[in-house]
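Q: Heads up, the sequence shown is in numbering that gives the first Met the number 0, so the first residue is 0 and it goes up one at a time.
Handing you this structure, nothing more for now.
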Amino acid sequence: MILQVVINTLVLGVMYILASLGFAFIFNMLGSINLAHGALYMVGAYVCYYLCAMFGVNNWIAMVIAAVLLAVIGLLLERVMFRPFMADFDRIIMIGVGLMTICQTFCTVITGNQALVIPKYAEGSTTLAGVPVTNERILTFAIGLVLLLVALYIVNRTALGRQMEAVSQDRLGAALQGININRVSAIICAIGCCLAAVAGCFMGAYQGLSANMGDTMNLRILMLVMLAGAGSMNGIIITGAIMGFLDSLFPLLLQGNAGSAVPIAIVVILLLIKPKGFFGHEM
């Protein structure tokens, strides 16, 4: 059981972090909460599934197509949702809720209560410490880790990352220094939605698809970002691992909804102790 918890922690933690990075990028740079982010994660998974099921597209190619499509949607969202209403926080919240509701309703109408699963990206299993582990889990963790390292490299080591930091600290000051803040915002929205789509595709193969998977991920993202503290990328990595551990351990110890409720209760208690989060400033 210990090895199973460790493996599930690694897989879930990496996927939670990938899905959360786009949300955190948008919040840090634009000061906006994108409540449609979980819906985009779900849409990416469903696009991948239907490309495979209806058109016979290879699941790897389907994932790339879904990621590119969601990146384009991210560009459109930045242009029509965030940029025009930068000073209207309430309107952005309502637009996000509306998009989330539309996407969830559409998926419910199309699929109903069918149990859908994206074809596995790797077959077979590997024995670790005498325990068989599916290659699907190993591959999901490996690719997720690579994408996470690439995202961190962009943030910490590139000109785009420095521009992101400048925009997040002072948009007007960044503009006066010659940074095209709209271009930077658009690129970050595209990258964030792309990462959410990849996480959705892998989780769709790992756990299956459902119309409420976006709501579930939205809840995890909000808890993760609040627990990390706004503005802390390193904190998101640490709290992503914590959330992955909690969601791996308690479903093995408790039956039914209690396995999901207890991790949420633990996060709530931690936020009561540290309302500003552990690594950043208060949201």
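Backbone N, C-alpha and C fix where the C-beta goes; we use that ideal spot for every residue, glycine too.
None of these values were measured; they are calculated from a predicted model.
1) Considering P250, what are the terminal residues of the alpha helix (DSSP H) in which it resides?
2) Label N57 either buried or exposed according to how many other C-beta atoms from any shown protein chain fall within 10 Å of its C-beta, with 16 as the threshold for buried.
3) Starting from the C-beta of G207, find all residues in its chain whose C-beta is less than 7 angstroms away, skip the five residues before and the five after it, and write them out in chain order.
4) Are L17 and V197 close, meaning C-beta to C-beta below 8 angstroms?
5) Taking all protein chains shown into account, decide if Y40 is buried (16 or more other Cβ within 10 angstroms of its Cβ) or exposed.
6) Can you tell which of T126, N179, G123, G213 has its C-alpha closest to the C-alpha of T104?
7) Let's test the definition: count the other Cβ atoms within 10 Å of the Cβ of M53 and tell me whether it reaches 16, buried, or not, exposed.
8) For R161 and L270, what's the separation of their Cα atoms in angstroms?
9) Roughly how far, in whole angstroms, is the beta-carbon of I265 from the beta-carbon of L245, given that I think they are within contact range, below 8 angstroms?
10) Identify whether V5 lies in helix, strand or coil by the three-state DSSP scheme.
11) On the three-state DSSP scale, how would you describe V130?
12) Quick one, are the C-beta atoms of A257 and H36 less than 8 angstroms apart?
A: Looking at the atomic coordinates:
1) 232-252
2) exposed
3) A114, L115, V116
4) yes
5) buried
6) G213
7) exposed
8) 30 angstroms
9) 6 angstroms
10) helix
11) strand
12) no
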